[in-house]
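Report on one structure; see the data block that follows.
Protein chains in written order, with this note's numbering: chain A, 1 to 524; chain B, 525 to 1046.
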């Protein structure tokens, strides 16, 4: 990697966030669905190439004390920030190393999971080659690599933005000046395109996205030395030269490919035979901008379809809630369920209804498939169905659950949750989360998502080290309020008196802890 | 490249006249910006990638006093071009099969170099060679025309190319083309219901691509090389080849004012560099093709059209009066429609008269003097002599400068070589008559393709300048009896058999139509 690029990242660190789709638990689950025998995330060896300031690896190290993590980045400043955070959270199973990807030698590894997020399309050709060579040479036989990259068609319009911003910034001397010229160009476009033409509408839409981006993001995605979007078939071909094959796509999860619907797929089959080229056509239809492809060794045999048996031993999670409060499990009336994201499913099948109700009630906890099947049967029997529930009904349920997983209304996991679904008497937030909350940063929860917290929740989390019960927490927060370090309000009036504050906090605290539990921020 | 592997031998490129490349247009633009171009009727012209001569042969036919050299690397295409040139008895054109990479000094030098539809489709070293030929084989006041695919539009079109790459690379060109069309149609129908901006834009692009003829589609989307570039990159490469940007083959596209005063103001605040200005305009209109005029870097150019040079040029404009609230000489507003549908409203009598006169004379080209005289007549108050003074002429020039910048009229440096009045023994050019025998598209003297129906083609074939109306009528009556005229749909009010009286009426209509199409010559 060029020295120049290291300097750019030294100057403007990449504002990293946890990348939920790159977490080993998720990669492990997909590998198992493909019929692979991946190492359990909790004991895995994980390498991240281009780890930036560690925002992706740190929460994983915090979550899996038995696993080992190595993050490599060539920006010394970013590595220093990551190392400091690891020290502060007392994480001894993660190492951050300043190293050029090109300098990686045979001493390293092997690894069960290799993560390269936002690297491939952001570096020059030798580094792209080396990135794939590292996956080939340092991935365990049943290992999975996660590689994200810019792709077309989504990136086509951004190629224009990049080319024009760089053109307008061609004489700028500093990165600050370059950014300012780039923003000027975006403003020029925004002000000048007014006609109701599809091109204008497309540019306006992407401009709105760019306008919201921080300087750091705009810089690293659009203005830095390299931008190399690739078509999916190009990427697959490149991986093949390193004896790697796609094992799936992190966004598609359980599905191996997109599905545009029966009729459209049939028409496409008649024109194109190559599976990879077909996927490019689907990318075009879906206007895909980014791909997160999972790679494994070419020698591994990959299951092309997911059979319900593969769900066995996996944990299921869903926030599905029935539309009606009272559900009649015995009837075959269609019941509708919707999850947090607003996705809906409906079913008339009693056993399926029972399973979805059970999942929703357990949420945010996960339920192991075998337990879910048993619980659904028990619920039906309790509602008056004759026992035992027929085997073919149970098999049908497994099929339905696989479909829900493919449609991403049910999430699959390889292990039980590492967070507590309900707050305990002396609640605990992980050390890393407490450090992040103290710094006022975005915190990473145990689903590996970025969570933005209100001031009150941040103050609360800082205190959750397991030594304080609810009264003690209310007491300390009330002290903070009375000393002016924390704002507590009731009916728009700020409470600065200790007793008033403590009373109000005492009422609010259970709900606040419940909220943190649902956000997967509390641990045992 | 060996002839056997030459895709242009297998699928010849549709070779057509390129109006914007004709020396009379290039010369007019060069003059506007301060150059001293060689007149189109005694110049030397080189075309790189002349295909089957569709562009160069009509120019050679029209400008007998000029000489033309056409180069193409497909022997099949050169042979076809030579056959046409021989049939026309053209002595002022040389057609050679050669690779641009092999060309050297033996060509001599030229006043105009045309390179259309080549630059984006050849490897980088040939691209460089093209620009260096424009430097070394161009006379000091010469003009080079280079067309190429450009961004931003090609960002999306490359995607379509890539998707088509998924089609089989085996099989004949016809099979590949058929499979490619099937994929484009699949994409188009799948995207049709996608109302996102991306879905709408892709649908527009796909429909545009699907309307292209097969040969075009093949070369643009299936050939191995298609390397678009940004305008500013081409300008930089031209500078490296010691050339400079002269202007666009469609001059109105150079002026930010055509994008509205707000855009013009914003651009002025951002840059005073003409290259940067036009680059930003390309982004605003999602431009996909450029036809760039280049000249030697030593030439001193004006960045604004020079009004006094307009006296040596001719202008034409297809302008239609739409609505007028009073006579031309009054100060009431009148609206006119330009060829591209743009509406303009003016109230000054002189401007209205000028627009009106341009419209009435279309497709004729007018000199400033003729326009001045006509306008003076049109606006003269009753009982007063027309005022064709120097002041009126100055006002006419000022307005024509605006019309050219706004794209309402187009400039040319050569007088028309066609007639709009039908003579006693009407004549079409030998080239048009030859083309009409085998094709629906014939080249007119504005250097455009005119699409004729079968009957008009047949009639054109008889216009050899020997037949008066009576002889024409006799010939067409015979043709009708032989069933060679279809008189489709009783279009001219004649029955299936038709009578000679109706046929005489139809002949008059045909001749008017052909004259209006700039297909009749003196």
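Quick reminder that beta carbons are idealized off the backbone N, C-alpha and C, glycines included.
All figures in this text were calculated on a predicted structure; none of them were measured in a lab.
Of the listed residues the options, nearest to residue i (C-alpha basis)
{"i": "residue 1041(B)", "options": "968(B), 997(B) and 829(B)", "result": "968(B)"}
{"i": "residue 601(B)", "options": "578(B), 628(B), 864(B) and 824(B)", "result": "578(B)"}
{"i": "residue 845(B)", "options": "867(B), 939(B), 557(B) and 641(B)", "result": "867(B)"}
{"i": "residue 113(A)", "options": "422(A), 39(A) and 399(A)", "result": "39(A)"}
{"i": "residue 264(A)", "options": "716(B), 921(B) and 685(B)", "result": "716(B)"}
{"i": "residue 566(B)", "options": "544(B), 603(B) and 616(B)", "result": "616(B)"}
{"i": "residue 544(B)", "options": "559(B), 580(B), 568(B) and 562(B)", "result": "580(B)"}
{"i": "residue 575(B)", "options": "555(B), 557(B), 563(B) and 621(B)", "result": "621(B)"}
{"i": "residue 422(A)", "options": "290(A), 160(A) and 524(A)", "result": "524(A)"}
{"i": "residue 727(B)", "options": "738(B), 709(B) and 742(B)", "result": "709(B)"}
{"i": "residue 767(B)", "options": "758(B), 630(B) and 927(B)", "result": "758(B)"}
{"i": "residue 148(A)", "options": "164(A), 139(A) and 131(A)", "result": "131(A)"}
{"i": "residue 764(B)", "options": "655(B), 1006(B) and 623(B)", "result": "655(B)"}
{"i": "residue 48(A)", "options": "97(A), 427(A) and 142(A)", "result": "97(A)"}
Inter-residue spacing [alpha-carbon to alpha-carbon] between residue i and residue j
{"i": "residue 1021(B)", "j": "residue 1030(B)", "result": "Unreliable positioning characterises residue 1021(B) in this predicted model, as indicated by a pLDDT of 47, which lies under 50. The coordinate reading is nonetheless provided below. Taking the straight line joining both Cα atoms gives about 13 Å."}
{"i": "residue 204(A)", "j": "residue 190(A)", "result": "6 Å"}
{"i": "residue 117(A)", "j": "residue 313(A)", "result": "29 Å"}
{"i": "residue 393(A)", "j": "residue 330(A)", "result": "14 Å"}
{"i": "residue 429(A)", "j": "residue 521(A)", "result": "6 Å"}
{"i": "residue 553(B)", "j": "residue 820(B)", "result": "15 Å"}
{"i": "residue 446(A)", "j": "residue 371(A)", "result": "23 Å"}
{"i": "residue 659(B)", "j": "residue 548(B)", "result": "21 Å"}
{"i": "residue 414(A)", "j": "residue 91(A)", "result": "24 Å"}
{"i": "residue 1014(B)", "j": "residue 1044(B)", "result": "For residue 1014(B), the predicted structure reports a pLDDT of 47, less than 50, and the residue's modelled location is therefore unreliable. A value from the coordinates is still provided. Using only the alpha carbons, I get a separation of about 25 Å."}
{"i": "residue 1017(B)", "j": "residue 833(B)", "result": "For residue 1017(B), the pLDDT reaches just 43, beneath the cut-off of 50, and the residue's location in the model is therefore unreliable, although a value from the coordinates is still provided. Cα-Cα distance, rounded: 49 Å."}
{"i": "residue 179(A)", "j": "residue 858(B)", "result": "48 Å"}
{"i": "residue 718(B)", "j": "residue 776(B)", "result": "35 Å"}
{"i": "residue 684(B)", "j": "residue 250(A)", "result": "26 Å"}
{"i": "residue 18(A)", "j": "residue 321(A)", "result": "28 Å"}
{"i": "residue 501(A)", "j": "residue 122(A)", "result": "51 Å"}
{"i": "residue 910(B)", "j": "residue 900(B)", "result": "5 Å"}
{"i": "residue 57(A)", "j": "residue 51(A)", "result": "7 Å"}
{"i": "residue 82(A)", "j": "residue 46(A)", "result": "16 Å"}
{"i": "residue 1036(B)", "j": "residue 944(B)", "result": "8 Å"}
Assumed close pair residue i, residue j - CB separation to whole angstroms, cut-off 8 Å
{"i": "residue 633(B)", "j": "residue 652(B)", "result": "Actually they do not touch by this definition, with Cβ atoms about 19 Å apart."}
{"i": "residue 42(A)", "j": "residue 431(A)", "result": "So it is not a contact: roughly 18 Å between Cβ atoms."}
{"i": "residue 146(A)", "j": "residue 229(A)", "result": "Contact doesn't hold; Cβ gap of about 18 Å is too wide."}
{"i": "residue 640(B)", "j": "residue 732(B)", "result": "So it is not a contact: roughly 19 Å between Cβ atoms."}
{"i": "residue 310(A)", "j": "residue 33(A)", "result": "5 Å"}
{"i": "residue 504(A)", "j": "residue 495(A)", "result": "6 Å"}
Residue i - DSSP class collapsed to helix/strand/coil
{"i": "residue 141(A)", "result": "strand"}
{"i": "residue 764(B)", "result": "helix"}
{"i": "residue 796(B)", "result": "coil"}
{"i": "residue 787(B)", "result": "helix"}
{"i": "residue 188(A)", "result": "helix"}
{"i": "residue 834(B)", "result": "helix"}
{"i": "residue 654(B)", "result": "helix"}
{"i": "residue 73(A)", "result": "strand"}
{"i": "residue 302(A)", "result": "coil"}
{"i": "residue 1014(B)", "result": "In this predicted model, residue 1014(B) has a pLDDT of only 47, less than 50, meaning its place in the structure is not dependable; the value taken from the coordinates is given anyway. In the structure shown, residue 1014(B) sits in a helix (DSSP, three-state: H, G or I)."}
{"i": "residue 1020(B)", "result": "Annotation note: pLDDT 45 at residue 1020(B) (below 50); position unreliable, no value reported."}
{"i": "residue 326(A)", "result": "coil"}
{"i": "residue 244(A)", "result": "strand"}
{"i": "residue 882(B)", "result": "helix"}
{"i": "residue 338(A)", "result": "strand"}
{"i": "residue 53(A)", "result": "coil"}
{"i": "residue 249(A)", "result": "strand"}
{"i": "residue 621(B)", "result": "strand"}
**Study point:** chain B contacts from the region 261–274 of chain A (Cβ-Cβ distance under 7 Å)
**Key:** So the close ones are 264, 267, 268, 271, 272 and 274.
**Study point:** chain A contacts from the region 665–690 of chain B (Cβ-Cβ distance under 7 Å)
**Key:** Against chain A - using a Cβ distance shorter than 7 Å - the residues of the region 665–690 of chain B are 675, 676, 679, 680, 683, 686, 687 and 690.
Exercise for review: Taking a Cβ distance cut-off of 9 Å, strictly less, list which residues of the region 806–826 of chain B are near chain A, in chain order.
Suggested key: Here the close residues are 807, 808, 809 and 810.
Review point. In chain order, what residues of the region 242–263 of chain A put their CB closer than 8 Å to some CB of chain B?
Key: Within the region 242–263 of chain A, the qualifying residues are 260.
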